[in-house]
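J.: Before I ask anything, here is the structure I am working with.
2 protein chains.
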Amino acid sequence: MNILFIMYDQLRFDYLSCAGHPHLHTPNFDRLAEMGVRFSEAYVQSPICGASRMSFYTGRYASSHGAQWNGFPLRVGEVTLGDHLRKLGMDSWLLGKTHMKVDAEGMTRLGLSPDTVIGARQSECGFDAFIRDDGLWGAGPDGFYDSKRSPYNEYLKSKGYDGDNPWADYANAGVDADGNMASGWMFMNADKQANIREEDSETPWLTSETIRFLDQAEGNWLAHVSFIKPHWPYIVPAPYHDMFGPNSVPAARRHATERTDPHPVYGAFMNNKIAQAFQRDEVREKVIPAYMGLIKQCDDQLGRLLDHLEATGRMEDTMIVVTSDHGDYLGDHWLGEKDLFHEPSVKIPLIIYDPRREADATRGTTCDALVESIDLAATFVEAGGGKVPGHIIEGRSLMPWLNGETPDEWRDFVISEYDYSVTPMRIALGVSADDARLFMVYDGRHKLIHAEGGFRPMLFDTLTDPDEFHDLGGQPGHEEVLAELYEKLSRWGRRNAQRVTRSDDDIEAMRGASARKGILPFLVDGSEVPEELTVKYRGPARQVHLQTEQDGHD
Amino acid sequence: MNILFIMYDQLRFDYLSCAGHPHLHTPNFDRLAEMGVRFSEAYVQSPICGASRMSFYTGRYASSHGAQWNGFPLRVGEVTLGDHLRKLGMDSWLLGKTHMKVDAEGMTRLGLSPDTVIGARQSECGFDAFIRDDGLWGAGPDGFYDSKRSPYNEYLKSKGYDGDNPWADYANAGVDADGNMASGWMFMNADKQANIREEDSETPWLTSETIRFLDQAEGNWLAHVSFIKPHWPYIVPAPYHDMFGPNSVPAARRHATERTDPHPVYGAFMNNKIAQAFQRDEVREKVIPAYMGLIKQCDDQLGRLLDHLEATGRMEDTMIVVTSDHGDYLGDHWLGEKDLFHEPSVKIPLIIYDPRREADATRGTTCDALVESIDLAATFVEAGGGKVPGHIIEGRSLMPWLNGETPDEWRDFVISEYDYSVTPMRIALGVSADDARLFMVYDGRHKLIHAEGGFRPMLFDTLTDPDEFHDLGGQPGHEEVLAELYEKLSRWGRRNAQRVTRSDDDIEAMRGASARKGILPFLVDGSEVPEELTVKYRGPARQVHLQTEQDGHD
Chain A
1 MNILFIMYDQ
11 LRFDYLSCAG
21 HPHLHTPNFD
31 RLAEMGVRFS
41 EAYVQSPICG
51 ASRMSFYTGR
61 YASSHGAQWN
71 GFPLRVGEVT
81 LGDHLRKLGM
91 DSWLLGKTHM
101 KVDAEGMTRL
111 GLSPDTVIGA
121 RQSECGFDAF
131 IRDDGLWGAG
141 PDGFYDSKRS
151 PYNEYLKSKG
161 YDGDNPWADY
171 ANAGVDADGN
181 MASGWMFMNA
191 DKQANIREED
201 SETPWLTSET
211 IRFLDQAEGN
221 WLAHVSFIKP
231 HWPYIVPAPY
241 HDMFGPNSVP
251 AARRHATERT
261 DPHPVYGAFM
271 NNKIAQAFQR
281 DEVREKVIPA
291 YMGLIKQCDD
301 QLGRLLDHLE
311 ATGRMEDTMI
321 VVTSDHGDYL
331 GDHWLGEKDL
341 FHEPSVKIPL
351 IIYDPRREAD
361 ATRGTTCDAL
371 VESIDLAATF
381 VEAGGGKVPG
391 HIIEGRSLMP
401 WLNGETPDEW
411 RDFVISEYDY
421 SVTPMRIALG
431 VSADDARLFM
441 VYDGRHKLIH
451 AEGGFRPMLF
461 DTLTDPDEFH
471 DLGGQPGHEE
481 VLAELYEKLS
491 RWGRRNAQRV
501 TRSDDDIEAM
511 RGASARKGIL
521 PFLVDGSEVP
531 EELTVKYRGP
541 ARQVHLQTEQ
551 DGHD
Chain B
1 MNILFIMYDQ
11 LRFDYLSCAG
21 HPHLHTPNFD
31 RLAEMGVRFS
41 EAYVQSPICG
51 ASRMSFYTGR
61 YASSHGAQWN
71 GFPLRVGEVT
81 LGDHLRKLGM
91 DSWLLGKTHM
101 KVDAEGMTRL
111 GLSPDTVIGA
121 RQSECGFDAF
131 IRDDGLWGAG
141 PDGFYDSKRS
151 PYNEYLKSKG
161 YDGDNPWADY
171 ANAGVDADGN
181 MASGWMFMNA
191 DKQANIREED
201 SETPWLTSET
211 IRFLDQAEGN
221 WLAHVSFIKP
231 HWPYIVPAPY
241 HDMFGPNSVP
251 AARRHATERT
261 DPHPVYGAFM
271 NNKIAQAFQR
281 DEVREKVIPA
291 YMGLIKQCDD
301 QLGRLLDHLE
311 ATGRMEDTMI
321 VVTSDHGDYL
331 GDHWLGEKDL
341 FHEPSVKIPL
351 IIYDPRREAD
361 ATRGTTCDAL
371 VESIDLAATF
381 VEAGGGKVPG
391 HIIEGRSLMP
401 WLNGETPDEW
411 RDFVISEYDY
421 SVTPMRIALG
431 VSADDARLFM
441 VYDGRHKLIH
451 AEGGFRPMLF
461 DTLTDPDEFH
471 DLGGQPGHEE
481 VLAELYEKLS
491 RWGRRNAQRV
501 TRSDDDIEAM
511 RGASARKGIL
521 PFLVDGSEVP
531 EELTVKYRGP
541 ARQVHLQTEQ
551 DGHD
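Keeping their order, the protein sequence lines are chains A and B.
If you're matching positions, the first sequence starts at 1 in the numbering used here and goes up one per residue.
If you're matching positions, the second sequence starts at 1 in the numbering used here and goes up one per residue.
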């Protein structure tokens with residue numbers, strides 16, 4: 001079996017028609033959901049690109065792999081999906097974005113060079129890069145945000161788009177009434193059409209690359225096809241730029257009570273620049289139609305890809321997974337971007353089409369088990385015919401759910417983490433880098449958000465308050481629920497996350513091994529163990545070297 | 001400054017005269033204590049050789065480095081003391097034991113070979129091996145316990161001791177009345193003299209190697225001089241074998257109440273073979289005099305080393321640290337060996353002589369601050385002139401204490417961990433490998449031992465019960481103390497242990513950097529940021545590529 005592991009960036013779980021969006025019709029996402037299982041309670045390990053992705057690619061929690069924010073390098077030697085799958089004879093290809101930063105210091109310490117196969121995989125998060133492009137080609141006074149080469153910018157240049165950075169000047173800019181460049185960075189320009197031929201914009205380009213990959217792929221493979229969109233800059237080429245308008249924009253899910261004595265961390269995020277922007281209705285009315293247009297374009301391109309798979313017979317041997325690295329507040333809860341743990345940010349879309357006959361029973365169904373993004377790595381290892389290495393991968397395979405089975409024991413809570421040490425909010429709150437960390441524990445009803453640094457907890461009851469407007473963390477009467485959730489967090493904090501060099505099977509094999517290698521530190525007289533284990537310590541002493549107390553040192 | 005980091009193996013904190021032993025006179029340990037500071041409340045991160053040592057050598061908790069038991073490889077790339085010190089221009093040499101197992105699978109995955117400098121350091125826990133000998137040359141039906149070469153066995157052979165394994169046949173065996181080999185593995189032989197010239201036994205041999213090292217050492221260096229003794233096999237050459245007798249053996253610190261309805265994990269350990277052996281008075285009366293003789297020999301050899309340092313002027317530029325990797329129950333609490341968290345097992349001797357003038361004020365004093373073994377790595381980095389990399393090293397420098405300063409904030413609890421997954425006790429208790437883990441939290445008065453797997457906690461009040469006989473964990477009335485200690489454990493469990501690729505200084509430098517590289521996802525109209533950051537997005541659009549809705553795809 002092959003695996004097409006498709007990720008969109010910043011795609012909200014509820015911006016698909018199969019997930020109930022009232023205005024956005026996504027027939028191709030829905031088509032995949034009809035063929036497979038849609039997981040309606042799937043959460044990311046961290047609501048930020050880099051940290052979330054490193055969890056997807058390692059199957060490990062953010063505080064286990066340590067790359068807890070964008071640009072925190074993934075430590076050299078951290079075991080990735082590619083390492084696991086190659087052991088099973090599967091190649092592991094990358095097309096698009098990972099947001100992985102190489103641990104250059106660690107590479108140097110270990111003498112690894114990125115121009116070797118091993119070094120290249122260490123630099124690419126374990127993947128072989130068919131095409132790597134992180135999709136954020138911002139440039140400012142200090143140069144490009146991303147110092148790597150951009151295959152997408154190279155493509156644009158080959159198509160005649162001029163300048164250093166056609167990504168910024170064409171794909172992510174429109175034209176204003178005076179004929180000036182209207183940057184997509186500015187929300188006021190979000191309703192303009194991007195200054196690019198639609199088929200040259202990012203999503204069609206990577207889809208074409210994927211089809212090119214599929215047409216030449218051999219052997220067993222996983223291909224991680226990772227689109228930058230519908231991530232900002234929020235601007236989309238025609239015809240998608242005016243498919244939706246202010247009337248298509250759902251009302252912001254926000255409540256005045258949220259601004260009354262908010263939790264200090266939430267308060268700091270509500271005061272940041274992007275939150276303030278999204279608190280303005282005119283921003284939402286410009287940005288959300290563009291965001292919806294970007295998703296509509298993603299849906300059309302997904303259809304193109306599915307058609308190609310069908311036409312080439314690959315539907316029968318290819319598992320297809322569609323997901324996102326986190327959501328987008330879009331003004332809900334008075335916030336923009338992602339970062340915190342309300343559902344629009346931390347919950348993700350997740351659809352898995354599994355071609356195996358065993359999965360026939362679940363096609364077109366929805367599964368509401370608590371799923372974590374780290375479960376995909378485990379699922380892929382099992383799909384590749386392997387045994388999930390539970391001492392490394394912390395997620396659990398979703399295969400039973402795909403087969404219509406309910407596992408005996410499934411997790412009763414999900415965890416997500418966020419490290420805001422790099423942000424201005426840490427400064428505003430006056431906490432140390434180590435204390436600028438948040439943990440979410442969600443048990444399917446109650447959601448605890450714990451903030452280091454001495455803050456009170458946040459608590460939501462999603463049964464009585466599905467919109468998460470009423471923070472119960474500072475109110476009396478919830479001590480028991482808080483204690484239960486804190487107990488879960490504490491248990492999780494003690495998890496066995498770093499014993500990565502010894503599997504449970506290794507441990508079984510170690511039991512008793514040292515006695516058979518002559519380590520016998522429990523013998524009174526030798527009668528305690530079988531003679532075979534002590535036979536080496538019997539027999540006549542060799543007297544030639546025997547010293548008596550009378551001998552002096554020589 | 002140079003650093004002589006001396007470790008004895010399984011040396012109990014209270015088997016030194018400076019620590020109050022009633023019968024054992026250790027004038028050379030006492031001499032060092034007079035020159036430096038003795039830390040009376042020093043604890044290991046895990047009361048087992050391998051895990052404890054990996055914490056010493058990385059400055060990280062056992063569940064942070066993951067090598068939680070003997071023979072669990074230290075993951076490739078884990079940053080060690082040697083890595084930190086080499087950055088400061090200090091060599092980091094090993095003489096003796098580390099109990100480090102190489103992560104061979106990780107080395108292969110990264111293409112590292114042990115016959116390169118980098119690969120050799122990865123294989124030797126970051127040290128350059130002047131001489132590596134782990135000192136346990138047991139051999140049985142499945143071969144040698146340790147597959148490496150043994151410089152000590154080679155030395156013995158060069159001195160004429162015959163056979164495959166003179167370590168076992170001479171250094172660790174006596175001769176019985178019939179002229180047969182009397183293996184030191186058997187406690188009944190512990191009162192015999194080892195069948196070896198005293199100066200050829202392990203401690204004098206490694207002391208001689210250390211002197212050889214000192215006489216040729218150049219530049220700045222740390223030398224980790226790591227003796228196998230007084231670790232078992234408990235047998236010692238003349239004249240040390242009969243310096244002590246049954247009258248020198250302190251009464252076992254144990255109480256009938258400990259055997260009444262013990263905590264299940266404690267109960268399982270009390271039932272293991274070594275505990276059962278040490279519950280017999282005749283075993284204690286044979287073993288403890290030998291153990292004391294081994295320590296007496298260590299003391300004499302320490303004196304020899306100190307004399308050499310004095311004679312060569314190295315006392316003025318060499319920090320000397322003496323410690324152990326854990327203690328030895330010796331029948332206390334009905335137990336043998338180490339493994340659990342009573343003081344005889346988890347507390348270690350720790351004496352630091354610091355030649356700097358700043359440390360003059362504290363010479364000959366005792367410090368009762370709560371110290372963890374991981375503090376040494378931090379201390380050594382500071383002694384080497386570096387800034388402690390707090391994102392990697394979890395310990396804290398002891399330099400303030402050496403200087404007679406009381407840090408503003410010092411830790412208010414110590415942690416120790418133990419993974420018993422490989423032991424028969426796990427099978428007896430019927431717990432999974434992941435649940436076979438114990439955590440100690442000690443705040444200077446109360447000691448909590450938490451066992452995974454659904455067991456009740458153990459709790460001791462060392463103020464009212466300094467001998468730790470009365471386990472309060474199952475009794476009512478201690479809920480508040482338990483809650484406090486569990487809160488500490490939970491806080492520790494959430495520690496930021498894996499963000500090893502980004503220092504706090506890196507994080508400061510990252511703040512705002514992306515905006516200066518053109519990542520501006522918060523602009524309504526560009527007025528929110530200085531013009532210099534947005535200037536790239538201004539200017540006339542290049543119309544040549546502008547598409548209108550009327551354009552079709554081509």
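C-beta: ideal position from N, C-alpha, C; glycine also.
Should B/Q45 and B/R437 be called a contact, given that it needs their Cβ atoms to be closer than 9 Å?
T.: For this step, residue 45 of chain B is matched to residue 45 along the second sequence. For this step, residue 437 of chain B is matched to residue 437 along the second sequence. No, Cβ-Cβ distance for B/Q45 and B/R437 is not below 9 Å.
J.: Counting along the chain, where does the beta strand (DSSP E) carrying B/A256 start and finish?
T.: Here the question's residue 256 of chain B lines up with position 256 in the second sequence. Looking at the DSSP string, B/A256 is not in any beta strand (DSSP E), and its letter there is neither H nor E.
J.: Quick one, are the C-beta atoms of A/Y8 and A/C298 less than 9 Å apart?
T.: Mapped onto the first sequence, residue 8 of chain A falls at position 8. Mapped onto the first sequence, residue 298 of chain A falls at position 298. Result yes, Cβ atoms of A/Y8 and A/C298 sit closer than 9 Å.
J.: Among B/R53, B/T98 and B/E124, which has the Cα closest to the Cα of B/D83?
T.: Counting from 1 along the second sequence, the entry for residue 83 of chain B is found at position 83. Nearest of B/R53, B/T98 and B/E124 to B/D83, Cα basis: B/E124.
J.: According to DSSP, what are the bridge partners of B/L523?
T.: Here residue 523 of chain B refers to the residue found at position 523 of the second sequence. BP columns for B/L523 point to A/M186.
J.: Just how far apart, CA to CA, sit A/I131 and A/M292?
T.: Start at 1 with the first residue of the first sequence, and residue 131 of chain A comes out as number 131. Start at 1 with the first residue of the first sequence, and residue 292 of chain A comes out as number 292. C-alpha separation (whole angstroms): 26 Å.
J.: Tell me which residues of the region 182-206 of chain B have at least one Cβ-Cβ distance to chain A shorter than 8 Å, keeping chain order.
T.: Those would be A182, S183, W185, M186, F187, M188, Q193, N195, I196, R197, E198 and E199, in chain order.
J.: When the distance is taken between beta carbons, is B/I235 closer than 9 Å to B/G327?
T.: As a position in the second sequence, residue 327 of chain B is number 327, starting the count at 1. As a position in the second sequence, residue 235 of chain B is number 235, starting the count at 1. Their beta carbons are not under 9 Å apart, which means B/G327 does not touch B/I235 by this criterion.
J.: Report the three-state DSSP secondary structure of B/S226 (helix, strand or coil).
T.: Counting from one through the second sequence, the residue named residue 226 of chain B turns up at place 226. Strand, per DSSP.
J.: Within the 9 Å Cβ cut-off, does A/D142 reach chain B?
T.: The residue given as residue 142 of chain A occupies position 142 in the first sequence. Taking Cβ atoms only, chain B reaches closer than 9 Å to A/D142, which makes this a yes.
J.: Taking the alpha helix (DSSP H) that B/V265 belongs to, which residues open and close that run?
T.: As a working mapping, residue 265 of chain B is identified with position 265 in the second sequence. From DSSP, the alpha helix (DSSP H) with B/V265 extends over P264 to M270.
J.: Along chain B, which residues have their Cβ under 8 Å away from the Cβ of A/D83?
T.: Residue numbering aside, residue 83 of chain A sits at position 83 when the first sequence is read from its first letter. Simply R109.
J.: So, are the CB atoms of B/H263 and B/A194 less than 9 Å apart?
T.: Position 263 of the second sequence holds residue 263 of chain B. Position 194 of the second sequence holds residue 194 of chain B. Not closer than 9 Å, so no.
J.: Chain B beta carbons: is any one of them nearer than 9 Å to that of A/F130?
T.: Locating residue 130 of chain A in the first sequence gives position 130, where the first residue counts as 1. So, not an interface residue.
J.: Please name the residue or residues paired with A/R437 in a DSSP beta bridge.
T.: Stepping through the first sequence from its first residue, residue 437 of chain A is reached at position 437. Bridge partners of A/R437: A/D419.
J.: By a C-beta neighbour count over all protein chains shown, 10 Å radius and 16 as the cutoff for buried, is B/V117 buried or exposed?
T.: Here residue 117 of chain B is taken as the residue at index 117 of the second sequence, counted from 1. The residue in question, B/V117, is exposed, as its Cβ has fewer than 16 Cβ neighbours within 10 Å.
J.: For B/W93, does the three-state DSSP call read helix, strand or coil?
T.: Translated into the one-based positions of the second sequence, residue 93 of chain B becomes position 93. Reduced to three states, the DSSP call for B/W93 is strand.
J.: Going straight from the alpha carbon of A/I320 to that of A/M100, what length do you get?
T.: The residue labelled residue 320 of chain A in the question sits at position 320 within the first sequence. The residue labelled residue 100 of chain A in the question sits at position 100 within the first sequence. Going by the C-alpha atoms only, they are around 23 Å apart.
J.: Which whole-angstrom value is the C-beta distance of A/P389 and B/I274, which I expect to be below 8 Å?
T.: Sequence index remark: in the first sequence, residue 389 of chain A carries index 389 (1-based). Sequence index remark: in the second sequence, residue 274 of chain B carries index 274 (1-based). 33 Å between Cβ atoms; not a contact.
J.: Check for me: the beta strand (DSSP E) holding B/D461 runs from which residue to which?
T.: Reading the second sequence from its first residue, position 461 is the one you call residue 461 of chain B. Residues M458 to D461.
J.: Looking at the strands, I want to know which residues DSSP matches up with A/Y442.
T.: Sequence index remark: in the first sequence, residue 442 of chain A carries index 442 (1-based). Note: A/Y442 sits in a beta bridge opposite A/V414 and A/K447.
J.: Look up A/R12 in the DSSP assignment and say whether it is helix, strand or coil.
T.: As a working mapping, residue 12 of chain A is identified with position 12 in the first sequence. Coil.
J.: Do we get a CB-CB distance below 9 Å when we pair A/H553 with the residues of chain B?
T.: Counted from its first residue, the first sequence places residue 553 of chain A at position 553. For A/H553, the predicted model reports a pLDDT of 38, less than 50, meaning its position is unreliable and no value from the coordinates is stated.
J.: Taking only beta carbons into account, state which residues of the region 247-279 of chain B come closer than 7 Å to chain A, listed in chain order.
T.: Here the close residues are K273, I274 and A277.
J.: Give, in chain order, every residue of the region 219-231 of chain A whose Cβ lies closer than 7 Å to some Cβ of chain B.
T.: Against chain B - using a Cβ distance shorter than 7 Å - the region 219-231 of chain A contributes no residues.
J.: Please report how far the alpha carbon of B/D471 lies from the alpha carbon of B/G77, in whole angstroms.
T.: By 1-based counting over the second sequence, the position of residue 471 of chain B is 471. By 1-based counting over the second sequence, the position of residue 77 of chain B is 77. For B/D471 and B/G77, the distance between alpha carbons rounds to 41 Å.
J.: For A/S248, I'd like the list of residues in its chain whose CB is within less than 8 Å of its CB, leaving aside the five on either flank, ordered along the chain.
T.: As a first step, residue 248 of chain A is located in the first sequence; it is residue number 248 there, counting from the start. For A/S248, where only same-chain residues beyond five positions count, the Cβ hits under 8 Å are H23, L24, I288, P289 and M292.
J.: Out of A/N165, A/Q498, A/L222 and A/M243, state which residue places its alpha-carbon closest to the alpha-carbon of B/R542.
T.: Locating residue 542 of chain B in the second sequence gives position 542, counting from the first residue. Per the Cα distances, A/N165.
J.: Does DSSP classify A/Q276 as helix, strand or coil?
T.: Along the first sequence, read from residue 1 onward, the residue named residue 276 of chain A stands at position 276. Here A/Q276 sits in helix by DSSP.
J.: With B/C49 as the anchor, note down where its alpha helix (DSSP H) starts and where it stops.
T.: Taking the first residue of the second sequence as 1, we reach residue 49 of chain B at position 49. That run of the alpha helix (DSSP H) goes C49 to T58.
J.: Considering A/I295, what are the terminal residues of the alpha helix (DSSP H) in which it resides?
T.: Counting from one through the first sequence, the residue named residue 295 of chain A turns up at place 295. That run of the alpha helix (DSSP H) goes D281 to A311.
J.: For B/D178 and B/I449, I'd like the C-alpha separation in whole angstroms.
T.: The count along the second sequence starts at 1 and reaches residue 178 of chain B at position 178. The count along the second sequence starts at 1 and reaches residue 449 of chain B at position 449. So the alpha carbons of these two residues sit roughly 48 Å apart.
J.: Looking at the C-beta of A/D504, does it have a partner C-beta in chain B at a distance below 9 Å?
T.: Position 504 of the first sequence holds residue 504 of chain A. Cβ-Cβ to chain B under 9 Å: yes for A/D504.
J.: Tell me, to the nearest whole angstrom, how far the beta carbon of A/V346 is from that of A/P27; I am working on the premise that it is less than 8 Å.
T.: Translated into the one-based positions of the first sequence, residue 346 of chain A becomes position 346. Translated into the one-based positions of the first sequence, residue 27 of chain A becomes position 27. That belief does not hold up - the Cβ atoms of A/V346 and A/P27 are roughly 27 Å apart, past 8 Å.
J.: What residues from the region 488-502 of chain B come within 9 Å of chain A, judged by C-beta to C-beta, listed N to C?
T.: Residues passing the 9 Å Cβ filter: L489, S490, R491, W492, G493, R494, R495, N496, A497, Q498, R499, V500, T501 and R502.
J.: Name the residues in the region 382-393 of chain A whose C-beta lies less than 9 Å from a C-beta of chain B; which are they?
T.: Listed by position along the chain: G390 and H391.
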